[in-house]
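A.B. asks:
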Amino acid sequence: MLSPYLLLLLVPSPPLAAFLMLGLDPFFLRRRAVQVLALLGGVAPFFVMLPLAAVCFGGECHGVVPVFTLAFGQSEVALALLLDPMSTLVGLTVAAVGAMVITYAIDYMSDAGVADLRRFFALMNLFLAAMLTMVLAGDTITFFFGWELMGLCSFFLIAYNTGLPQAVAAGRKAFIITRFADAFLLAGLLLLFLEANSVRLDVLIPAGATMTEDRHLVIALLLLAGALGKSAQVPFHTWLPSAMAGPTPVSALLHSATMVAAGAFMLARFSPIVMSEPLVQAIAAAFGVGTAAFGALSAIFQTDVKRLLAYSSISQIGFMVLAVGLGAPEVAIGHFVVHAMFKSLLFLAAGDITHGSDLGTSMKAMRGAARRRPVAYVAYVAGAASLAGVPFITAGWWSKEAVLSAAWNTGPFGIAIWALAFLTAICTAVYAFRPVLEALLPEPEHRSRAPHGHPLALNLHHRARIGSGFITVPLVVLATGSMLGGVMVAPIISFLGAEVPHAPHLPALLAAMAPFAGLIGAAALTFVPSLAAAVEGAHDMRRPTRLDHKFQIWVIEPYIRLIRWLSRDRRPRDADLDFERQVRLIRWLSRGARMDGVYQALVVRPFVNLVRWLSGHRGGGVDPVGSAPVALALRLTQAVVGPLAHDRFDRFWMRSANRLVRIWVMARAIQTGRSRDYALGLALGTAALLVIAWGTTWN
Amino acid sequence: MNAATLSILLLLSAGLFATGFFGLLARRAILFQLISLELMLAGPALGFIAGGAYHGGQTGQAMFVLILILAAAEVALGLALYLALRRVADVEDADTITRLRH
Amino acid sequence: MGYDMELTALILLPFFGGIAALFAGRFGRDAERWVSIAALALALVILILAFLTPGDGRWIAFERFDWAPSLGMQVILAMDGLSGALLVVSLALGIVSVIVSWKITEHSGLLNAALLWTVAASNGVFLSFDLLVFAFFWELMLVPAFLLISVWGHGDREAAALKFLVFNAVAGLGLLAAVFYLGASGEVVTFDAFEVAERDIPHGVQVLLLLGFAAAFLVKLPVPPLHAWLPDAHTQAPTAGSILLAGLLLKTGAYGLFRFPPMLFPEGFATLAPWGMVLGAFGSIYGALLACGQTDAKRLVAYTSVAHMSIVLMGICGGVYFSLMGAGVEMVAHAFSASALFLLIGALYDRTGTRDLRELGGLQQSAPRFAAAFAVFFSAALAMPGTANFLGEALVITGMFQVNWIFASITLISLVVSVVYATRLFKRVVFGKARRSGVVEDLTAREMGPIVLLAIATLLFGMLPQLLMGALEGAVTAALAPVAGP
Amino acid sequence: MPSFPALLPLLFLGFGAVAAMLAAPRLPRLSRVLAALALMAAAATLAARLWAPAGQSALLSDDGLARSAGMMVCLAALGSLAFLRPGGPSKEGPALILLASLGGLMLAGATHAASLFLGLELVTLALVALFVLPLTRAALEAGYKFLILGAAGAATLLMGLALAHAASGTADLQAFAGRGMMLGLATALLMAGLCFKLALVPFHMWTPDAFDGAPRAAAAFAGAASKIAVVAALVRLHTLAPPEVWAIGLGLAGGASILLGNLVALRQDGIGRMLGYSSVAHAGYVASTLASGAPMAAEAALFYIAVYAPALLAALCVTAALGPEARIADLRGLVWRRPLAGGAMALALISLAGLPVSAGFFGKYIVFTALIEGGAWTLLAMAIAGSALGAYYYLRFVALIFRRAPDPAAPFLPAADRLLLLLASAATAVLGLRPDLLLDPLRRLLP
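Chains as they are written, first to last, in our numbering: chain A, 1 to 699; chain B, 1 to 102; chain C, 1 to 486; chain D, 1 to 447.
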């Protein structure tokens with residue numbers, strides 16, 4: 001009898017088939033055919049997952065389907081797909097979110113050309129297949145295969161708008177940074193393989209957990225680094241906000257709900273290995289909560305909805321990493337599921353609201369949403385509430401509460417972590433509600449004076465053609481999930497085999513208050529004009545704004561005192577300097593702690609210089625994203641290196657050749673052409689021979 | 001004839017040879033170079049005669065005759081060349097015949 | 001031992017096919033091309049038949065007969081999985097290169113002959129176990145390749161061809177001297193590698209001889225600082241030349257290194273292998289960095305070849321099962337992926353007349369098939385899992401972890417840098433707007449054929465690695481045994 | 001007492017020379033045919049008697065070495081004759097070639113001072129005359145230099161012979177087999193004379209000028225036929241006399257020749273001069289082979305020079321067709337204009353460079369092997385360095401032969417030239433595949 005687990009093989013197949021059919025060029029496909037194929041490929045995995053999930057929830061939840069076996073010398077490598085509670089849950093979530101996003105994209109992308117549409121959906125389907133493969137992987141090779149393929153798709157999808165230099169540069173940045181982190185993961189996985197002599201997760205994880213050598217620590221750290229990179233955790237986070245240059249469905253699926261969170265999933269997957277080292281655990285928890293706090297703070301000061309959501313993803317995944325670090329991977333998975341729902345919802349709703357606006361995805365484009373796109377706006381509110389963790393009625397509250405409780409329960413350090421996480425929760429609520437409140441503001445005047453017709457009319461035109469059900473259904477489904485999904489959190493955690501952590505009443509109560517505190521903050525930032533202007537102005541060097549008095553007293557003043565104290569500054573206060581400092585603070589936060597600049601200075605510029613030095617070529621243009629310092633550095637190095645063109649070794653060889661030519665010039669001068677000189681040669685030769693003869697026959 | 005005489009004669013022949021060689025190196029006129037060549041060939045010829053006289057065979061004399069004949073042939077060729085060179089290139093000085101070089 | 005002629009035929013068929021192609025042009029349009037393809041296809045069929053007949057375990061096929069007995073020269077042809085895989089590569093790339101140069105009408109008879117002779121000579125290298133015959137084919141390979149570059153190349157082709165030849169011929173002298181020494185130093189003059197391997201050569205002599213062998217192999221590989229010929233040769237060579245250069249000639253260096261040093265000089269190899277790894281580690285980074293700095297697309301790919309072949313060197317010198325297996329896989333994988341990239345860039349050059357990255361762009365919009373093909377081999381260049389390149393590099397890294405984690409880390413760094421250059425190439429060629437190049441015509445059916453073939457090969461060996469790894473098993477174990485001994 | 005058949009080749013050549021000279025003024029074409037027939041007859045006789053039992057006379061030895069070398073001399077002379085351009089002021093070329101070959105045959109078989117000297121002088125004087133045949137300024141210059149140096153060299157050799165004769169009382173070359181300072185000095189002088197003919201550094205100065213200025217066919221004779229004869233003489237002699245003198249002297253001269261010849265040829269643009277310097281270098285390989293003292297040195301040296309001859313003949317034949325001042329640029333696209341000439345030239349240069357498929361590869365093999373067997377590591381290093389340089393400059397020319405954009409002007413190739421190119425290329429290619437065809441007989445013929 002066929003095992004029901006064989007269905008596992010079918011899960012990634014539909015999107016893969018869709019990718020192949022869409023990607024193979026010789027087939028001619030019309031627009032409608034492309035959309036149908038894409039939709040089938042995108043939705044089918046969910047329906048394949050359903051019976052599997054049923055089997056799994058029915059209790060028989062450990063199925064391994066071997067794909068094939070490789071003989072590697074002495075060791076055998078068995079590739080397999082694995083069905084266990086974790087992969088079932090995550091797979092189901094990914095399949096569901098993927099189906100929703102692809103459905104949504106049918107409408108959203110409808111004004112693209114057929115060729116671009118094919119490419120887009122081919123890649124989206126490939127991504128879905130890769131992600132499902134990774135989630136269901138039963139061995140490290142398949143796992144890494146999916147993992148890397150996701151990265152590749154991410155590169156292509158961010159750079160979907162190939163004519164846009166920022167998009168291409170953002171794609172490269174994302175790819176390079178994640179690939180850098182993946183190198184750590186690969187190293188970790190290979191070392192694990194060498195330790196356990198197997199790649200099968202069901203063999204390797206128990207084997208890995210029992211290692212007691214230094215290697216264990218190294219492997220755990222390597223895996224952690226890989227996870228941090230993929231999940232855009234500090235210090236690798238810079239790629240994620242840039243990645244928002246991709247289309248909104250891409251951001252919704254890859255760069256929030258699924259791929260980015262894969263790092264947390266990986267940590268949960270390998271938690272028996274990673275988390276049996278207290279040091280690694282502590283590092284993970286520290287990075288998690290630090291990233292969560294940092295991401296939330298940065299998100300507050302964003303003026304672009306998608307970037308805001310990107311920082312939010314960074315922050316929320318920080319919570320998942322924190323949970324894993326606290327030794328509660330099950331809680332992390334719970335948050336993963338919930339986060340996937342509400343974050344994709346937020347992206348989809350925001351995308352729908354801002355679609356076609358000539359303000360792009362700026363916060364201002366949200367204005368008037370309630371009137372223009374009521375469904376999307378309501379969905380957005382639901383998502384934001386879930387993100388902020390409005391108690392009881394949203395799913396977000398349940399999962400976040402589980403994380404906070406886990407922190408509280410960990411002991412004295414846990415309480416510190418809890419405190420930080422609690423503050424983060426407040427910040428979360430602030431940024432979560434900012435777009436919601438922004439949308440209540442009146443629309444800016446110049447919207448209607450868009451140069452190329454009325455964007456709204458354009459959108460309506462497309463919608464009329466495709467039917468807005470493609471937009472509405474995903475929004476409604478995801479909104480429902482974000483609100484009511486909370487009831488699933490506890491079953492999920494217990495299904496994964498862990499206790500649902502419960503905190504005492506006081507911290508729980510405090511945590512429940514956080515969203516409301518955040519709401520107030522958000523209202524202040526939105527409706528107090530000077531504050532709003534300050535946030536706005538922080539992004540624009542040329543328009544410095546004086547901040548509101550109260551904000552000055554409560555936030556800026558302590559900060560400046562702190563800075564003065566830290567830098568031992570005893571000089572009298574200088575208003576301009578103070579102002580400079582406060583602008584710098586906000587700008588620092590809003591640009592993701594300037595890690596981009598740090599990377600630029602520490603990695604990119606030396607790298608480019610090295611390459612230029614080695615290859616000595618006159619460079620063309622470089623990344624337009626923040627390329628000014630690079631260009632300057634290039635100009636400088638060129639002035640020095642320019643004359644020394646080419647590959648150093650090549651130059652060495654060519655110089656030797658030239659030297660040989662010089663010797664040649666000297667050598668040929670011997671041949672003077674005078675017969676007397678020739679005779680002299682003869683005489684000298686004879687004399688030499690005579691001397692030799694004399695010397696050798698002397699006695 | 002004893003060994004000492006042979007040595008003296010051989011030294012003489014070597015001296016003749018060396019003188020000829022020196023002439024070849026020192027003189028620039030083609031004609032004198034040809035004369036030096038003759039001298040160079042005379043050296044070994046004397047050597048053969050001396051060797052033949054010392055050892056008492058006919059080989060030395062035979063070689064002497066052979067050398068004379070070939071030296072004559074050589075000089076004949078040389079003179080012919082000299083005339084041709086004068087006609088074609090109008091040169092007497094061997095040092096100016098340096099068109100082929102390097 | 002059976003006395004079959006199948007292995008001999010694998011060398012002679014392309015050789016005589018080349019002679020036939022030289023004169024076939026008079027008998028009809030494109031006759032020389034069809035003759036060439038027929039010869040190569042026939043050889044491929046013979047090869048496949050040889051695969052299907054059962055061998056003696058270690059060798060799939062084995063032939064031995066006298067060539068010039070007074071010189072100690074025998075024809076010893078033996079094919080195991082490694083040679084077999086490389087022969088498949090060689091014949092397949094031969095066909096590809098004939099197809100690619102279909103449009104070249106200038107002296108096409110000699111062109112096809114040169115292509116076929118290159119294939120024949122490298123087949124000889126892959127099969128010969130008589131060291132003198134090996135050296136013979138080794139040197140022979142240079143001549144047609146030299147012609148390919150210097151006659152049908154671009155730009156300053158003579159200088160590039162000469163540079164290629166001088167580097168390789170000079171380095172080949174080291175091999176020749178060592179081979180001659182081995183032949184002359186025995187009791188009877190023999191170049192039979194199996195017999196030579198039995199000899200007890202003193203350690204110091206082994207090291208010296210190995211240096212002679214390594215000179216030739218490392219230049220051909222090439223590994224920095226001996227790589228200076230490669231970028232020029234690749235840049236100026238015609239597309240078919242680049243394909244054979246990257247796909248075949250470079251592999252002969254790797255093959256030689258894989259096969260002979262562990263077999264003939266086990267102790268000397270053990271002494272020098274760490275230095276080889278250092279060289280490989282340096283080369284893998286150096287090549288990758290330089291690839292990042294190129295503005296000529298072909299030069300860029302040429303430098304990636306330097307990086308990848310350095311990884312192969314590291315794998316071979318690693319001397320453990322995984323690294324050797326990885327080196328073998330990487331050799332085959334790189335043959336396909338680099339050839340394909342050269343093919344694509346060549347096709348682009350035919351259309352736009354430029355390979356300058358600053359002038360190219362916008363393929364995605366104007367030529368989607370082109371872009372898709374680029375995407376596939378772009379993934380291979382940066383060792384995406386699923387391509388054979390990943391398998392090779394991952395195996396090398398695994399092996400390096402067993403040997404020395406520093407080398408493994410360096411390989412990983414080179415892997416990261418590969419993303420930088422690969423995305424740069426992709427950004428400049430496929431993305432962006434068409435700059436000077438204008439709108440580019442998409443790939444034609446004739447160009448698609450080889451590309452699809454190469455893509456299938458790259459992905460097939462990546463997804464079903466047993467196909468390749470099973471074949472390499474014997475050679476890997478053979479290379480392993482002397483080093484791993486107690 | 002030598003049998004009549006042993007003398008037959010000499011007779012063929014001698015009478016042929018007389019006949020050719022008589023026919024030359026009126027019937028230059030007949031003169032060429034006669035000369036060719038004489039050479040063929042001599043070669044055929046030698047070939048037929050190749051395996052006959054060895055004989056010995058007072059002056060000449062009739063053994064395998066003499067026969068095989070003589071046969072090769074005749075064949076090489078035939079090759080030179082093939083592209084000796086008829087016409088010009090003097091028509092005695094074929095007769096002179098026959099005389100020179102006669103000298104070569106004597107040199108190859110010489111066991112006595114008289115025959116050695118006679119052979120040497122015959123070759124030198126005939127070559128001088130051949131050099132100046134066109135009576136152009138360049139030819140006269142080359143001839144003059146060769147005459148002056150050749151005579152000086154011959155005198156040096158004679159001085160050595162005289163010393164040996166005085167020391168031992170016999171003019172038989174066996175006289176050198178003794179020991180003592182006198183004999184050592186004699187050997188040195190003898191060696192100087194032979195090194196001159198072989199064009200070893202520093203006795204080589206005449207070679208590039210001759211290859212440049214003299215008719216190519218004459219240069220070909222000087223480079224191929226005469227060198228074969230000298231190598232045969234060296235092979236015969238170098239085992240006799242004080243071995244260290246030979247070894248050190250030949251080793252030094254050979255090593256210097258390899259380095260200097262290859263170095264100076266490096267960037268020569270004149271094809272003739274390049275071949276001249278390369279001929280110095282190749283003579284260096286031969287000399288260092290003999291100096292190595294390996295058991296196989298004799299056959300290696302003969303094999304090498306035999307393999308070198310057809311390549312040189314082909315290269316010079318093509319050069320001759322390109323005109324008196326052929327430069328590298330004249331080769332541009334030659335293979336597209338004249339496929340046979342271009343192909344033969346390319347094959348010849350590849351053979352000189354020692355790359356397969358060409359006899360030169362095995363020439364390199366045999367030289368390297370001899371050096372390894374003899375343990376001459378310094379010479380081996382020099383040979384490797386020289387080959388490295390050689391690869392560069394030969395292939396520089398090959399690259400140009402295959403350059404695209406053909407020049408419409410195609411050089412004229414008479415039928416004899418074409419035949420020569422075909423045969424020489426065939427020999428080079430066949431020996432490049434089956435070196436044992438030549439090496440096995442040589443091995444059995446040499447003592």
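Idealized CB from N, CA, C, for every residue including glycine.
(1) At least one CB of chain C closer than 7 Å to the CB of A:G163: is that the case?
(2) Could you tell me which chain D residues have their CB closer than 7 Å to the CB of C:A184, listed as they occur along the chain?
(3) Within 7 Å (strictly less), CB to CB, does D:E141 reach chain B?
(4) Please decide whether C:L147 counts as near chain G, where near means a Cβ-Cβ distance under 7 Å.
(5) By the 9 Å beta-carbon criterion, what residues does the region 150-177 of chain D contribute toward chain B?
(6) Run through chain B and tell me which residues come within less than 7 Å of A:A683, C-beta to C-beta.
(7) When you compare the region 84-94 of chain C with the region 39-50 of chain C, are there three or more beta-carbon pairs, one atom per stretch, that lie closer than 8 Å?
(8) For C:Q236, which of helix, strand or coil comes out of DSSP?
(9) Which of the three DSSP states is assigned to A:V65 in this structure?
(10) I'd like to know if A:T696 contacts chain B, where contact means its C-beta is closer than 7 Å to some C-beta of that chain.
(11) Identify the contact partners of A:E148 in chain C, using a Cβ-Cβ distance below 7 Å as the criterion.
(12) Which chain B residues are close to D:L147, counting only those with a beta carbon under 8 Å from its beta carbon?
(13) Tell me the rounded alpha-carbon separation between A:R215 and A:V94.
(14) Using the Cα positions of D:D62 and D:P441, report the straight-line distance between them to the nearest angstrom.
(15) I need the boundaries of the beta strand (DSSP E) containing A:A159, first residue and last residue.
(16) Taking the Cβ atom as the reference point for each residue, do A:I314 and A:H255 lie within a distance shorter than 7 Å?
(17) Using the Cα positions of A:P4 and A:F143, report the straight-line distance between them to the nearest angstrom.
(18) Taking Cβ-Cβ distances shorter than 7 Å, what residues in chain A pair up with B:R101?
(19) For B:Y82, which residues from the same chain have a beta carbon less than 6 Å from its beta carbon, with the 5 sequence-adjacent residues on both sides left out?
(20) By how many angstroms is the C-alpha of C:L82 removed from the C-alpha of C:A471?
(21) Compare the Cα-Cα distances from A:V535 to each of A:F336, A:G327 and A:A299 and report the closest residue.
(22) Return yes when the Cβ of D:A38 is within less than 7 Å of the Cβ of D:F505, no when it is not.
(23) Please state if the CB of A:A429 and the CB of A:I417 are separated by a distance shorter than 7 Å.
(24) May I ask you to report which of helix, strand or coil DSSP gives B:T96?
(25) Could you tell me the alpha carbon to alpha carbon distance between B:R101 and D:A233, rounded to whole angstroms?
(26) Taking a contact to mean a Cβ-Cβ separation below 7 Å, would you say D:L422 touches D:A321 in this structure?
C.D. replies: Reading from the atomic positions:
(1) Residue-level contact check: A:G163 touches chain C, since one or more beta carbons of chain C fall below 7 Å from its beta carbon.
(2) Against chain D, a Cβ distance below 7 Å from C:A184 picks out T369, I372 and E373.
(3) Closer than 7 Å: yes.
(4) Here chain G cannot be found, since the structure's protein chains are A, B, C and D.
(5) Residues G150, A151, A152, A154, A155, T156, L157, L158, M159, G160, L161, A162, L163, A164, H165, A166, A167, S168, G169, T170, A171 and D172.
(6) In chain order, F21 and L25 make up the part of chain B whose C-beta sits under 7 Å from the C-beta of A:A683.
(7) These segments touch.
(8) The three-state reading of DSSP puts C:Q236 in helix, counting H, G and I together.
(9) Strand.
(10) Closer than 7 Å: no.
(11) Here the neighbours are M384 and P385.
(12) The answer, in chain order, is E74, L77, G78 and L81.
(13) One C-alpha to the other measures close to 33 Å.
(14) When only Cα atoms are considered, D:D62 and D:P441 end up about 16 Å apart.
(15) The continuous stretches of beta strand (DSSP E) do not include A:A159, and DSSP gives it neither H nor E.
(16) The beta carbons of A:I314 and A:H255 sit no closer together than 7 Å.
(17) A:P4 and A:F143 have their C-alpha atoms spaced approximately 21 Å apart.
(18) From the beta-carbon of B:R101, the residues of chain A found nearer than 7 Å are Q671, T672 and G673.
(19) Listed in chain order, the non-local C-beta contacts of B:Y82 below 6 Å within the same chain comprise I30, local neighbours out to five positions each way being set aside.
(20) Computed Cα separation, rounded: 6 Å.
(21) Here the closest residue by C-alpha is A:A299.
(22) No statement about residue 505 of chain D is possible, as the shown extent of chain D runs from 1 to 447 and does not include it.
(23) Contact check for A:I417 against A:A429 fails: the beta carbons are separated by 7 Å or more.
(24) In the three-state scheme derived from DSSP, where H, G and I count as helix and E and B as strand, B:T96 is classed as helix.
(25) So the alpha carbons of these two residues sit roughly 30 Å apart.
(26) Against a cut-off of 7 Å, the Cβ pair of D:A321 and D:L422 comes out as no contact.
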